[in-house]
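Line by line, the protein sequences give chains S and D. For the first sequence, the numbering used here begins at 1 and goes up steadily by one. For the second sequence, the numbering used here begins at 121 and goes up steadily by one. Structure first, commentary second.
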Amino acid sequence: MRLSRIAQNLALEVRSAAGHLDTDVRGGYASDLMSDVMANAEEGYLWVTLQTHVNIVAVAAMKELAGIILINGREPEKETAEKAEEKNIPILVSGLPAFELIGRLYDLGIPGLRADAEDS
Amino acid sequence: MDLHVHTCLSPCADLSMVPRTIVERARQTGLDAVGICDHNSAANVQAVHEAGEEAGIGVIAGMEVTTAEEIHLLALFESEKKLGQFADLVRDHLPGVNNPELFGDQIVVGKNGDPVSLEESLLIGATDFGVSRTVKEIHRLGGLAIASHVDRQTFSILSQLGFIPIELDLDGVELSHHAGPEEHYQLRSLPVVRSSDAHFPEEIGSTFTTFFVEEATVAEIRMALAAREGRKIL
C-alpha cells in the first residue's frame, strides 16, 4: 500500500518529505530503541516510534525505510524535520498512541516482520 | 578517579551509600577522588564533599541526568554552585513524584549519614530535555558532558540513538565495568573514561580511570580529556 493512502486513511499529518509519499510500504516495525531498529527493521518498512531526535532520520535513511510515524501527538524536533526533508524521509505524526495506531495499520493490511505470527 | 558513584539519594542505590562510607571505601581502594553522580539530583554532593575533605578524598560535583530519549549523561561541574544551578533546571523539567515502594528510597543525608529529608521528585524518570539541549545546558554552566555506560543495552546513547550524533558536542564517553576494549564500540574517537557506576560500597573503585593531572578538579579533567597542557588519561 502507498504511504499516501495510509496517511489519508489514518489522518496522519505530514511533517517532512511530502513529495515522497508515493512509495510502497512493505511492512511495519515499532520500536523506540534505534539500535533495535537498525538491527531489525527492513527496507520499505514504516517505522512507528516516539523518538523525535534527529538520529531517527539517519536510521531510516540507512535502512531505506518508507517513512516514520511519530505517535501520541509527538512532533519532530526542528533539526529532525529539516534533516528528514533533506534526506527525503517522510515523517508523519499521529495523535494516537502506538497501540491504537499499529492496530489500525494492521487493519489496513500492513504486515509486520512475521506476517504468519498471528496464525501460530 | 572513579567519576561515577551514586549515593543513597538514587532510588536504585543501596542505603549504605552514605558520605563517610563512600569516601572511606574510596580511600581503601586507593582512589584520589570520586565523582558523585546521582540520578537527576545533586542533593547529596555537598555532604559527600564535606566527608571527603576530612578523609582527604576529592569529590567532583556531578549528576547523572536522564534526557528525554532516556539517555544517561554524566554532568560534572567545577563548583557545587554551578551544579546547583543545573540541578534547579533539571528539577523544573523532571515530571513525576517518587513511589519509594516501587522505585526505592531517595534519602538526602548529612555528612554523617543522618537523614535530612526525602527527595520527592521521580528521580528514576526522564527530563523533557533532549540530549542536544542537555549537553548545551551543561556546557552553558561550564560543565563536562560525558555519555554514561555507552556499552550497556539500556539508558546509553548507543542503545537509545543507535550511534553518537556527529554534531553532539560530548566531552567524552564512559565505559562500564562490563565493557570490552574500546575499539569494540563506535565512539567517534571521543575520550574514554571508565568508572564503576557504583550503587553499592564494594563497587566503588572497582573500575576507575587514571588521570595524569595536577589535582582532581573539573578544569584538570577537562584538559586531560582533551590531552592538553601535559594532562592526559593514562
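Even for Gly, the Cβ is constructed at its ideal location relative to N, Cα and C.
Short Cβ contact (9 Å threshold) for D:Leu214 with D:Asn160: Yes.
Contiguous beta strand (DSSP E) assignments of at least 3 residues, all confined to the segment 65 to 108 of chain S: Within the segment 65 to 108 of chain S, the complete beta strand (DSSP E) runs of at least 3 residues are 67 to 70 and 91 to 93.
Where the beta strand (DSSP E) through D:Thr254 begins and ends: First-last for D:Thr254: Val251 to Arg260, but that is the alpha helix (DSSP H), not the beta strand (DSSP E).
Distance, D:Leu288 Cα to D:Leu194 Cα: Answer to the nearest angstrom: the Cα atoms are 14 Å apart.
C-alpha distance - D:Gly292 paired with S:Met62, whole-angstrom precision: One alpha carbon belongs to D:Gly292, the other to S:Met62, and they sit about 26 Å apart.
Contacting residues, own chain, Cβ-Cβ under 8 Å from D:Val333 (five flanking each side not counted): Its chain contains Glu340, Ile341, Met343, Ala344 and Arg351 as the residues whose beta carbon lies nearer than 8 Å to that of D:Val333, once the 5 sequence neighbours on both sides are disregarded; these appear in chain order.
Element boundaries [beta strand (DSSP E), containing S:Ala115]: It is not in any beta strand (DSSP E) - S:Ala115 carries neither H nor E in the DSSP assignment.
CB contact flag (D:Leu278, D:Val270, <9 Å): Yes, they are a contact pair.
contact_flag[the segment 195 to 214 of chain D, the segment 252 to 266 of chain D] where n(CB pairs < 8 Å) is 3 or more: When Cβ pairs closer than 8 Å are counted between the two stretches, the segment 195 to 214 of chain D is seen to touch the segment 252 to 266 of chain D, the count reaching three or more.
Counted within 10 angstroms of its Cβ, other Cβ atoms place S:His53 as buried (16 or more) or exposed: Label assigned to S:His53: buried.
Spatial distance of D:Glu303 from S:Arg5 (CA atoms): If I take the Cα positions, the gap works out to 45 Å.
Option in D:Gly262, D:Glu294, D:Val236 and D:Ile286 with minimal Cα separation from D:Ser276: Nearest to D:Ser276 by C-alpha distance, out of D:Gly262, D:Glu294, D:Val236 and D:Ile286, is D:Glu294.
Interface flag, D:Gln280 vs chain S, CB-CB below 9 Å: Interface criterion met: the Cβ of D:Gln280 is under 9 Å from a Cβ in chain S.
Supposed contact pair D:Ala175 and D:Lys231 - C-beta distance, whole angstroms, cut 8 Å: About 11 Å separates the beta carbon of D:Lys231 from that of D:Ala175, a gap too long to meet the 8 Å contact definition.
Sequence-distant residues of its chain with Cβ nearer than 6 Å to D:Arg308 (five each side left out): Closer than 6 Å at the Cβ level, and outside the excluded window around D:Arg308, lie Ile284.
CB contact below 9 Å: S:Leu46 versus chain D: Using beta-carbon distances, S:Leu46 does not count as an interface residue toward chain D, since no partner is under 9 Å.
Within-9 Å CB hit, S:Glu85 to chain D: Contact with chain D is absent for S:Glu85, since none of that chain's Cβ atoms lies less than 9 Å from the residue's Cβ.
Cut-off 8 Å between Cβ atoms - residues of its own chain near D:Gly150, not counting five sequence neighbours on either side: So the qualifying residues of the chain are Gly325.
Distance between S:Met38 and D:Leu123 (C-alpha atoms, nearest Å): Computed Cα separation, rounded: 31 Å.
Residues sharing a beta bridge with S:Thr49, DSSP: Partner(s): S:Leu70.
Under 9 Å between C-beta atoms of D:Leu290 and D:Ala267: Cβ distance < 9 Å, so D:Leu290 and D:Ala267 count as in contact.
Cβ neighbour criterion (16 or more within 10 Å) applied to S:Ile110: Answer is buried; the Cβ neighbour count reaches 16.
Expected contact under 8 Å - CB spacing of S:Leu92 and S:Glu13 to nearest Å: That pair is a contact at about 7 Å.
Buried versus exposed, by CB contacts within 10 Å (16 or more), D:Arg145: Residue environment: D:Arg145 is assigned as buried (16 or more neighbouring CB atoms within 10 Å of its CB, all protein chains considered).
CA-to-CA distance, D:Asn218 to D:Thr186, given in whole angstroms: Going by C-alpha positions, D:Thr186 is about 15 Å away from D:Asn218.
Test: S:Asn88 CB closer than 9 Å to a CB of chain D: No, S:Asn88 lies away from the interface with chain D (no Cβ there is under 9 Å from its Cβ).
Own chain partners of S:Pro76 with C-beta closer than 6 Å, once the 5 adjacent residues on each side are dropped: If we look at S:Pro76 and ignore the five residues flanking it on each side, its Cβ neighbours are Arg15, Thr52 and Ile91.
Candidates D:Val125, D:Leu129 and D:Leu354, of which the one nearest D:Glu240 by Cα: The shortest C-alpha separation from D:Glu240 is found at D:Leu129.
D:Arg348 classed as buried or exposed, judged by whether at least 16 other C-beta atoms fall within 10 angstroms: Looking at its Cβ environment, which holds fewer than 16 other Cβ atoms inside 10 Å, D:Arg348 is exposed.
Beta bridge counterpart(s) of D:Pro363 as assigned by DSSP: With chain D running from 121 to 354 in the structure shown, residue 363 of chain D is simply not present.
Residues of the segment 24 to 38 of chain S whose Cβ lies closer than 9 Å to any Cβ of chain D, in chain order: Residues Asp32, Leu33, Met34, Ser35, Asp36, Val37 and Met38.
Contact with chain S by D:Glu294, beta-carbon distance below 9 Å: With 9 Å as the cut-off, D:Glu294 does not count as an interface residue toward chain S.
DSSP three-state assignment for S:Met1, whether helix, strand or coil: It is coil, neither helix nor strand.
Cutoff 9 Å: D:Phe365 Cβ touching any chain S Cβ: It is not possible to answer for residue 365 of chain D, since the shown part of chain D is limited to 121 through 354.
Neighbourhood of D:Ile191 by C-beta, 6 Å cutoff - its chain only, sequence neighbours within 5 removed: Here the set comprises Val251, Ile277 and Gln280.
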